[in-house]
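Engineer: In the numbering used here, the protein residues as written are 14 to 138.
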Amino acid sequence: MPIQRRHVADAELAVLEVLWDHSPRTIRQLTDILYPGGTTSEYATVQKLLQRLEDKGCVSRDRSQSAHQFSPSIARDDLIGEQLEQVAQKLCDGSLTPLLMHLTSNVRLKKRERELLKKMIDEAK
14 MPIQRRHVAD
24 AELAVLEVLW
34 DHSPRTIRQL
44 TDILYPGGTT
54 SEYATVQKLL
64 QRLEDKGCVS
74 RDRSQSAHQF
84 SPSIARDDLI
94 GEQLEQVAQK
104 LCDGSLTPLL
114 MHLTSNVRLK
124 KRERELLKKM
134 IDEAK
């Protein structure tokens, strides 16, 4: 899969997290979730973040109503894959092996996660 050069900042990721769990949402609804009791400047911040995410192809906007509705246009797993591939390219000459080795040796995996990882490796053979 070709690497998408799509950098998602932490603030943009916070918006995506809400949209993955609750969509579609308006700017006002997102502002209320991200900044309870949000001010006009926080509303403008969410509006700008949504514009950036739309430009990056991460969200789509439904303009059919007066209050535009926003939904994610990239799945969480797809974005995770893109980000991991970018890290692999940047730090590991494109190899995912060092990342996997680090994760499996330094992160305590649950039994179900180990089983799933083993199954994925077996299927890749």
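Beta carbons: idealized from backbone N, C-alpha and C, even for Gly.
Measuring only the C-alpha atoms, how far is cysteine 71 from proline 85?
Structural biologist: In the sequence shown, residue 71 corresponds to position 58, counting from 1. In the sequence shown, residue 85 corresponds to position 72, counting from 1. Cα to Cα, the separation comes out at about 6 Å.
Engineer: By Cβ distance below 6 Å, which residues in the same chain neighbour valine 21 in space, the five residues on each side in sequence not counted?
Structural biologist: The sequence position of residue 21 within the sequence shown is 8, counting from 1. Excluding residues within five positions, none has a Cβ falling inside 6 Å.
Engineer: Quick check on DSSP: helix, strand or coil for proline 111?
Structural biologist: Here residue 111 corresponds to residue number 98 of the sequence shown, with the count starting at 1. In the structure shown, the three-state DSSP call for proline 111 is helix.
Engineer: Leaving out the 5 sequence neighbours to the left and right, which residues in its chain are closer than 6 Å to aspartate 75 when beta-carbon positions are compared?
Structural biologist: Working through the sequence shown from its first residue, we reach residue 75 at position 62. So the list reads Gln82, once near-sequence residues are dropped.
Engineer: As a quick exercise: from Thr53, Arg125, Val28 and Leu129, pick the residue whose alpha carbon is nearest that of glutamine 64.
Structural biologist: Residue 64 sits at position 51 when you count from the first residue of the sequence shown. Comparing Cα positions, the closest option is Val28.
Engineer: For glutamine 64, write down the residues that DSSP places opposite it in a beta bridge.
Structural biologist: What you label residue 64 is simply residue 51 of the sequence shown in a count that begins at 1. DSSP, once it has assigned bridges, lists no residue as partnering glutamine 64.
Engineer: From this set, Ile87, Pro49 and Thr52, which residue's C-alpha is nearest serine 36's C-alpha?
Structural biologist: For the purposes of this step, residue 36 is identified with residue 23 of the sequence shown, where counting begins at 1. Among Ile87, Pro49 and Thr52, the Cα nearest to that of serine 36 belongs to Ile87.
Engineer: If we ignore side chains and look at the alpha-carbon of each, how far apart do glutamine 60 and lysine 69 end up?
Structural biologist: Within the sequence shown, residue 60 is the residue found at index 47, counting from 1. Within the sequence shown, residue 69 is the residue found at index 56, counting from 1. In a straight line, the C-alpha of glutamine 60 is about 14 Å away from that of lysine 69.
Engineer: Classify leucine 43: buried if its beta carbon has 16 or more other beta carbons within 10 angstroms, exposed otherwise.
Structural biologist: Locating residue 43 in the sequence shown gives position 30, where the first residue counts as 1. Leucine 43 should be labelled buried.
Engineer: For glutamine 78, does the three-state DSSP call read helix, strand or coil?
Structural biologist: On the sequence shown, position 65 is the one that residue 78 refers to. Three-state DSSP puts glutamine 78 in coil, outside helix and strand.
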